[in-house]
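*Asks:* Numbering (the working numbering), first residue to last: 32 to 225.
(1) In the DSSP assignment, find the beta strand (DSSP E) that holds residue 116 and state where it starts and stops.
(2) In terms of alpha-carbon separation, which member of 172, 224, 192, 61 lies closest to residue 105?
(3) Which one or two residues does DSSP pair with residue 103 in a beta bridge?
(4) Which residues bound the beta strand (DSSP E) around residue 207?
(5) How is residue 150 classed by DSSP in three states: helix, strand or coil?
(6) Using three-state DSSP, classify residue 137 as helix, strand or coil.
(7) Identify every residue that forms a DSSP beta bridge with residue 126.
(8) If I follow the unbroken alpha helix (DSSP H) through residue 197, where does it start and stop?
(9) By Cβ distance, which residues of its chain are closer than 6 Å to residue 187, with the 5 residues on each side in sequence left out?
(10) So, are the CB atoms of residue 94 and residue 69 less than 7 Å apart?
(11) What's the C-alpha gap between residue 48 and residue 185?
(12) So for residue 174, helix, strand or coil by DSSP?
(13) Take the Cβ of residue 222 as the centre, count every other Cβ of all protein chains shown within 10 Å, and call the residue buried at 16 or more, exposed below.
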């Protein structure tokens, strides 16, 4: 067992337990966007950041394990500022027209933006034009993709189809059909998991 504290609460968890899992066990909620237990634990969204005593930077809770004696804080000014900045970056590449979105009111990103009091965007929006073949029966809206990689991981690790992949780098990073193919050229079974 590993002993640590989260927000002043003493915890004892099995070796290999992530900070996120440990926090949830004691009722401390840490927000996540990309996390999917045992499927997508890559910290891509960086929304689950926490402060660990002795570390200069915040660390992601979903893929960092609790270490003996660790002192973890989930709601410090530094954590809130880092989370807010990360969500703003995500929103800068997201179609921020929540009022007209079918998921409005049932959207984790929208709820998180509201919780963090993000009401206006300080960054210019960088939206990719939707080049999706609308004759294919899978609906895809590139402007709403937050690059969480859940679709890639589900398709690869659960469905075993390897249809999606990450392309480009930096602010141009996006999820697209793997190997620069058309969706019709893949083994997509239209399972809907993506």
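For every residue, glycine included, the Cβ atom is placed at its ideal position computed from N, Cα and C.
Quick caveat: nothing in here was measured; it's all calculated off a predicted structure.
*Replies:* Quick answer:
(1) For the purposes of this step, residue 116 is identified with residue 85 of the chain shown, where counting begins at 1. Not the beta strand (DSSP E): residue 116 falls in the alpha helix (DSSP H), residues 108–123.
(2) Residue mapping note: residue 105 aligns to position 74 of the chain shown, counting from 1. Ranking 172, 224, 192, 61 by Cα distance to residue 105 puts 61 first.
(3) As a working note, residue 103 is residue 72 in the chain shown. Bridge partners of residue 103: 37, 83.
(4) The count along the chain shown starts at 1 and reaches residue 207 at position 176. Counted as a single uninterrupted DSSP element, the beta strand (DSSP E) harbouring residue 207 occupies residues 205–208.
(5) Within the chain shown, numbered from 1, the residue matching residue 150 stands at position 119. Residue state, collapsed to three classes: coil.
(6) Counting from 1 along the chain shown, the entry for residue 137 is found at position 106. Residue 137 falls in the coil class under three-state DSSP.
(7) Indexing the chain shown from 1 puts residue 126 at position 95. According to DSSP, which records beta bridges pairwise, residue 126 is partnered with nothing at all.
(8) In the chain shown, residue 197 corresponds to position 166, counting from 1. DSSP places residue 197 outside any alpha helix (DSSP H); the residue lies instead in the beta strand (DSSP E), whose first and last residues are 195–198.
(9) The residue given as residue 187 occupies position 156 in the chain shown. Short of 6 Å from the beta carbon of residue 187, and not among the five residues preceding or following it, lie these beta carbons of its own chain, in chain order: 193.
(10) By one-based count along the chain shown, residue 94 stands at place 63. By one-based count along the chain shown, residue 69 stands at place 38. No; because the gap between Cβ atoms is not below 7 Å, this pair is not in contact.
(11) Position 17 of the chain shown holds residue 48. Position 154 of the chain shown holds residue 185. Their backbone Cα atoms lie some 22 Å apart in a straight line.
(12) Within the chain shown, the letter at position 143 stands for residue 174. In the structure shown, residue 174 sits in a helix (DSSP, three-state: H, G or I).
(13) As a first step, residue 222 must be located in the chain shown, where it is residue number 191. By the Cβ neighbour-count rule, residue 222 is exposed, with fewer than 16 other Cβ atoms within 10 Å of its own.
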